[in-house]
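Residue numbers for the sequence shown follow the working numbering, beginning at 2 and rising by one. Worksheet for the structure shown next.
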Amino acid sequence: MAEPRKKIRIGDLMVRNGVITEEQLMHALSVQKKTGAKLGNTLIELNLVTSQQFHEFLATQLDLPYIDLKHYNYQSETVRMMPETAARRFRAIALSVENERMLVGLADPTDLHAYDELAKILKRPVDIAVVNEAELLKVLDTVYRRTQEIVNIAEELGEELAQGDSNLDQLLAEADVEDAPVVRLLRSLFEDAIQVGASDIHIEPDEKVLRIRQRIDGILHEQVMKEKRIAPALVSRLKLVCGLDISERRLPQDGRFNIRVKGKSVDIRLSTMPLQYGESVVMRLLDQSGGLLRLEQVGMSSELLKRFRRQLHRPNGLVLVTGPTGSGKTTTLYGALNELNKEEKKIITVEDPVEYRLPRINQVQVHPKIGLDFARVLRAGLRQDPDIVMVGEMRDKETSDIALRAAMTGHLVLSTLHTNDSVSTALRLVEMGTEGYVVASSLRAVLAQRLVRRICSSCQKADPLDAASRSWLEAYDGQIELPLDQAQFMTGTGCPSCNNTGYSGRIGIFELLEIDFDLADALRRNDSADFAEKAQKQPGFRSLAESTLMLALNGVTSMEEVLRIAGQIDETSMSGQKSEVVRPEDVVTSE
Numbered sequence: 002m003a004e005p006r007k008k009i010r011i012g013d014l015m016v017r018n019g020v021i022t023e024e025q026l027m028h029a030l031s032v033q034k035k036t037g038a039k040l041g042n043t044l045i046e047l048n049l050v051t052s053q054q055f056h057e058f059l060a061t062q063l064d065l066p067y068i069d070l071k072h073y074n075y076q077s078e079t080v081r082m083m084p085e086t087a088a089r090r091f092r093a094i095a096l097s098v099e100n101e102r103m104l105v106g107l108a109d110p111t112d113l114h115a116y117d118e119l120a121k122i123l124k125r126p127v128d129i130a131v132v133n134e135a136e137l138l139k140v141l142d143t144v145y146r147r148t149q150e151i152v153n154i155a156e157e158l159g160e161e162l163a164q165g166d167s168n169l170d171q172l173l174a175e176a177d178v179e180d181a182p183v184v185r186l187l188r189s190l191f192e193d194a195i196q197v198g199a200s201d202i203h204i205e206p207d208e209k210v211l212r213i214r215q216r217i218d219g220i221l222h223e224q225v226m227k228e229k230r231i232a233p234a235l236v237s238r239l240k241l242v243c244g245l246d247i248s249e250r251r252l253p254q255d256g257r258f259n260i261r262v263k264g265k266s267v268d269i270r271l272s273t274m275p276l277q278y279g280e281s282v283v284m285r286l287l288d289q290s291g292g293l294l295r296l297e298q299v300g301m302s303s304e305l306l307k308r309f310r311r312q313l314h315r316p317n318g319l320v321l322v323t324g325p326t327g328s329g330k331t332t333t334l335y336g337a338l339n340e341l342n343k344e345e346k347k348i349i350t351v352e353d354p355v356e357y358r359l360p361r362i363n364q365v366q367v368h369p370k371i372g373l374d375f376a377r378v379l380r381a382g383l384r385q386d387p388d389i390v391m392v393g394e395m396r397d398k399e400t401s402d403i404a405l406r407a408a409m410t411g412h413l414v415l416s417t418l419h420t421n422d423s424v425s426t427a428l429r430l431v432e433m434g435t436e437g438y439v440v441a442s443s444l445r446a447v448l449a450q451r452l453v454r455r456i457c458s459s460c461q462k463a464d465p466l467d468a469a470s471r472s473w474l475e476a477y478d479g480q481i482e483l484p485l486d487q488a489q490f491m492t493g494t495g496c497p498s499c500n501n502t503g504y505s506g507r508i509g510i511f512e513l514l515e516i517d518f519d520l521a522d523a524l525r526r527n528d529s530a531d532f533a534e535k536a537q538k539q540p541g542f543r544s545l546a547e548s549t550l551m552l553a554l555n556g557v558t559s560m561e562e563v564l565r566i567a568g569q570i571d572e573t574s575m576s577g578q579k580s581e582v583v584r585p586e587d588v589v590t591s592e
């Protein structure tokens with residue numbers, strides 16, 4: 002393979018080949034002078050070229066191969082042959098070894114210094130390929146896990162504690178020292194969780210072992226360590242950071258703190274609970290540095306997003322977002338608040354807890370222990386002249402009554418309920434004791450949602466359906482445009498890119514029910530059967546199970562996920578009218 006030895010002006014080449022215009026290049030160069038970024042990254046940031054277009058063009062001009070890491074079957078052992086510090090510094094990845102030569106992927110193959118340094122570090126001849134920088138960083142985060150580092154530090158901490166529990170006080174006193182074992186262990190735990198995109202960390206002492214579990218794409222992944230004696234040190238250190246009582250081990254406690262990991266600001270919500278063998282700690286990781294997702298990024302189809310936005314911009318009424326814990330309700334609600342957050346609107350939120358801090362919005366944290374519950378804050382908030390009110394959750398009749406009456410008196414109210422689907426949500430409000438006519442007059446729309454796992458693009462393959470899946474699918478025969486006997490379902494076989502799970506990332510599925518005259522009339526009459534029947538027949542209505550099936554038909558998710566979602570939903574939500582298949586180009590979502 003040719004070795005890149007001649008510095009080229011990539012911008013001029015792109016103009017010469019018609020990829021960009023001279024004016025676009027001049028604009029990119031002027032921006033580059035201000036930011037100091039590389040020209041390629043500047044062109045991509047300005048949306049003048051896509052990342053793949055730029056790297057493919059660069060590879061062609063340099064007569065080098067372009068390797069798409071999304072579909073490359075790399076081996077973790079080979080990647081680790083290059084030290085992590087070198088890989089991240091030079092934006093490089095070791096891809097394969099053949100005849101003592103190593104193929105190395107570089108995000109910037111024109112960096113001659115990187116080429117020379119890598120040859121010295123690897124102590125072998127190096128061949129260069131061009132790779133996408135964003136995909137490169139994802140692979141590095143996946144491969145260079147902190148698993149072994151965590152084990153090593155845990156063993157070191159366990160040895161220090163082996164002399165007796167009296168050492169715990171000394172360790173905590175030294176915990177402010179940056180290189181203290183308990184500090185290094187927690188830092189490694191957080192770094193590893195951020196690298197793999199974990200949403201939660203669970204620390205669970207068992208009889209003979211300590212289990213540390215991370216929730217990735219909604220599924221828990223476990224690491225078992227023999228050093229059970231380190232659990233009290235970890236828990237006590239976390240309590241100190243949160244300002245909690247380290248001597249109280251009989252009662253649950255909740256706290257919150259902020260850390261910076263790999264340049265990211267991460268809010269940690271912590272909950273402790275006494276167990277038979279110690280205290281369990283669960284930490285929810287909220288990445289504040291990435292900003293809130295916009296509604297366009299949560300995964301709604303263009304038509305459903307248009308309908309949902311229409312409800313959000315009504316002057317009054319109640320809009321509910323429903324689903325179980327971990328279904329993405331908070332992300333959708335904050336996306337809606339972010340869109341509604343204008344200087345001419347006063348917005349008050351009542352939350353438990355406040356997960357993301359938003360400018361201009363008056364956010365109130367409830368404290369039930371001192372009597373500051375949802376209902377009390379909501380009453381006080383309505384006297385603050387708000388235009389929009391967000392209630393974190395309708396937990397009781399009093400809160401729901403106040404919210405519904407606020408919606409009747411000129412306020413737009415957003416809230417959540419823990420229900421299975423949109424149809425049962427309106428009926429749940431009536432079951433909570435609110436009069437049907439009040440619900441009918443106030444409720445405008447219900448958005449039910451779930452998160453389903455995406456098939457890993459690096460290891461996806463065709464998935465022949467088994468007899469059980471085919472039997473379940475017969476319920477939909479004739480209800481969708483694509484004949485099921487012609488459908489090609491996909492699955493992931495598992496690879497290093499997805500930690501051998503077959504899935505990478507998640508996407509939202511949604512079910513929007515808009516309350517029209519017929520549905521409101523059924524609510525006024527407390528006729529739940531008629532309400533459910535009319536809801537299922539509403540034009541454009543598509544159930545959650547059917548929405549998941551549409552994604553499976555387009556190869557986004559698997560039949561396994563369809564059956565998992567369907568199993569969580571009542572039978573009433575599994576039937577629906579004929580609806581259009583969601584095309585991939587209609588869905589806009591962030592990775």
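For every residue, glycine included, the Cβ atom is placed at its ideal position computed from N, Cα and C. Here the structure is a predicted model, which is why all the values come from computation and not from measurement.
Residue i burial status per 10 Å Cβ neighbour count (16 or more: buried)
i	result
residue 553	buried
residue 110	buried
residue 421	buried
residue 412	buried
residue 273	buried
residue 583	Interpretation of residue 583 is limited by its pLDDT of 41, a score under 50 that renders its predicted location unreliable; no figure is taken from the coordinates.
residue 295	exposed
residue 371	exposed
residue 220	exposed
residue 551	buried
residue 149	exposed
residue 112	buried
residue 237	buried
residue 385	exposed
Rounded distance between the beta-carbons of residue j and residue i, thought under 8 Å
i	j	result
residue 366	residue 352	6 Å
residue 141	residue 88	6 Å
residue 304	residue 423	So it is not a contact: roughly 16 Å between Cβ atoms.
residue 494	residue 561	Actually they are not in contact, since the Cβ atoms of residue 494 and residue 561 sit about 13 Å apart, beyond 8 Å.
residue 523	residue 531	4 Å
residue 447	residue 427	6 Å
Which residues DSSP lists as bridging residue i, in chain order
i	result
residue 275	280
residue 504	456
residue 206	211
residue 224	213
residue 256	271
residue 492	462
Candidates the options: closest to residue i by CA position
i	options	result
residue 405	326, 318, 116 and 347	318
residue 549	118, 420 and 509	509
residue 276	251, 261, 293 and 284	251
residue 342	407, 531 and 389	389
residue 71	547, 83 and 458	458
residue 265	369, 191 and 31	191
residue 256	248, 242, 262 and 263	242
residue 568	558, 493, 545 and 555	545
residue 278	301, 205, 334 and 236	205
residue 488	453, 360 and 556	556
residue 225	324, 210 and 218	210
residue 559	502, 374 and 490	490
residue 311	299, 340 and 298	340
residue 136	435, 434 and 68	68
Alpha-carbon to alpha-carbon, residue j and residue i
i	j	result
residue 42	residue 12	12 Å
residue 79	residue 61	26 Å
residue 416	residue 107	48 Å
residue 280	residue 354	22 Å
residue 234	residue 253	17 Å
residue 57	residue 449	41 Å
residue 48	residue 287	28 Å
residue 45	residue 55	8 Å
residue 329	residue 419	12 Å
residue 392	residue 468	45 Å
residue 387	residue 348	6 Å
residue 505	residue 85	22 Å
residue 74	residue 96	9 Å
residue 440	residue 525	8 Å
residue 19	residue 99	37 Å
residue 313	residue 337	7 Å
residue 127	residue 309	54 Å
residue 153	residue 212	15 Å
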